[in-house]
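Under this note's numbering, the first residue of the sequence shown carries the number -14, and numbering increases by one thereafter.
Even glycine gets a Cβ: it sits at the ideal position worked out from N, Cα and C.
Small disclaimer: the values here were computed from a predicted structure and weren't measured.
Only one structure is covered here, and it is reproduced in the block below.
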Amino acid sequence: MHEITRCGWVNTDPLYIAYHDEEWGKPVYDDLKLFELLMLEGMQAGLSWYTILKKRENYREAFDGFDPEIIAAYDDNKVEELMGNSGIIRNRLKIKAIITNARVYGEIMRDEGSFGGYLWSFVGGSPVINNPASLSEVPATTPQSDAMSKALKKKGMKFIGSTICYAFMQASGMVNDHVTACSFRESGR
C-alpha cells in the first residue's frame, strides 16, 4: 500500500487534511468562489489559516454566502450585528474590509467582465507549477503577488497585502506549492 505524504503545514484535524487533499492548490476559476477565498485569506491576517478554516461555515452564514452584491449593501447596523457574531473573527476593520472589497468586486466585474479572469491574469492565466522540496523553499510573496496586491489596493481593496495575495494564489491553484514529496502534488494541476 502506498503511504500518503502531505505538505508539512497540515495538522491531524480531518478538516485540515480534507482542505489540503481536496482544495488547496486546485485551480479555482469561479468568480464567487474566488471572492470568498480572497476574503477569507484577508481574515487570516495575524492569525492562522487553520483558525479561519474552522470558522469558514460561520463566515459563509454570516456573510450571506459571500454574495458580493448583498455584502456591498451592508450598513452600520449589519456591521454591529456581525460584531456580535461569536462564530467569526470580530474585528471591525476586517468586517468593514469585506464590505469595501465586495463593492470593489462589483467595479472589477463591470470593468473587467470577470473577477477570476482579472485575478488569473497575474499568473498569465494558468497555474504556476513550483517544485519546492521543502516548506523552507516556498516564498511568502512573489513579484506576481506583489503586483496583485498593488493593483487590488489601487482599486480600493483592504487586507490585501502581498503575503495574503500569495496565500490566496496558493489556495486557489494559481500557484501549485505542494512540496515535491506530497502525494497530492499532481492533483493540483
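For residue i, list the residues DSSP reports as bridge partners.
{"i": "V160", "result": "V113"}
Can you tell me whether residue i is helix, strand or coil according to DSSP?
{"i": "L32", "result": "coil"}
{"i": "G142", "result": "Gly is not the amino acid found at residue 142; the sequence shown has Met there. Looking at M142 - three-state DSSP - the assignment turns out to be coil, as it is neither helix nor strand."}
{"i": "Y1", "result": "helix"}
{"i": "Y59", "result": "coil"}
{"i": "V(-5)", "result": "coil"}
{"i": "K135", "result": "helix"}
{"i": "K11", "result": "coil"}
{"i": "P180", "result": "The structure shown does not extend to residue 180, since the chain is modelled only from -14 through 174, so no value can be given for it."}
{"i": "T(-10)", "result": "coil"}
{"i": "C150", "result": "helix"}
{"i": "A47", "result": "helix"}
{"i": "G101", "result": "helix"}
{"i": "G72", "result": "coil"}
{"i": "F20", "result": "helix"}
{"i": "A87", "result": "helix"}
{"i": "A166", "result": "coil"}
{"i": "S119", "result": "coil"}
{"i": "D52", "result": "coil"}
For residue i, which residues in the same chain have their Cβ closer than 6 Å to its Cβ, ignoring the five residues on either side in sequence?
{"i": "A152", "result": "E26"}
{"i": "S172", "result": "In this predicted model, S172 has a pLDDT of only 47, less than 50, meaning its place in the structure is not dependable; the value taken from the coordinates is given anyway. Answer for S172: no residue qualifies."}
{"i": "C150", "result": "S130, M133, S134"}
{"i": "N70", "result": "A47"}
{"i": "R174", "result": "Caution is warranted here: a pLDDT of 38 is assigned to R174, below 50, making its placement in the model unreliable, and the coordinate value is therefore given only provisionally. Once the five neighbours on either side are set aside, R174 has no close Cβ partner at all."}
{"i": "F180", "result": "There is simply no residue 180 to check, as the chain begins at -14 and stops at 174 in what is shown."}
{"i": "G146", "result": "S134"}
Find the nearest neighbour of residue i within the set the options, judged by alpha-carbon distance.
{"i": "F100", "options": "H(-13), G(-7), F20, I(-11)", "result": "F20"}
{"i": "V8", "options": "T165, L104, A166, A156", "result": "Contrary to the premise, residue 8 reads as Glu rather than Val in this sequence. Here the closest residue by C-alpha is A156."}
{"i": "N(-4)", "options": "E(-12), F48, D6", "result": "D6"}
{"i": "S111", "options": "N76, M154, S121", "result": "M154"}
{"i": "G10", "options": "L22, G31, V64", "result": "L22"}
{"i": "Y90", "options": "I56, L67, R170", "result": "I56"}
{"i": "L137", "options": "E97, Y44, V64", "result": "E97"}
{"i": "E54", "options": "S106, G109, D16, S121", "result": "D16"}
{"i": "A3", "options": "A30, N62, K18, K39", "result": "K39"}
{"i": "P12", "options": "G(-7), A166, G158, M68", "result": "G158"}
{"i": "G50", "options": "G31, N62, K18, Q29", "result": "K18"}
Can you name, in chain order, every residue of its own chain whose Cβ lies under 8 Å from the Cβ of residue i, other than the five neighbours on each side?
{"i": "K143", "result": "G27, L78, K81, A82, T85, N86"}
{"i": "Y35", "result": "N(-4), D(-2), Y1"}
{"i": "R75", "result": "L67, M68, G69"}
{"i": "L32", "result": "I74"}
Going along the chain, which residues of its own chain have a beta-carbon closer than 7 Å to the beta-carbon of residue i, five neighbours each way excluded?
{"i": "E92", "result": "K140"}
{"i": "W(-6)", "result": "L120"}
Assuming residue i contacts residue j under a Cβ cut-off of 8 Å, what Cβ separation, rounded to an integer in Å, is found between them?
{"i": "V160", "j": "N116", "result": "The Cβ separation is near 12 Å, so there is no contact."}
{"i": "R41", "j": "S168", "result": "Incorrect: roughly 24 Å between the Cβ atoms, too far for contact."}
{"i": "T127", "j": "T148", "result": "About 10 Å separates the two Cβ atoms, so there is no contact after all."}
{"i": "V164", "j": "L120", "result": "7 Å"}
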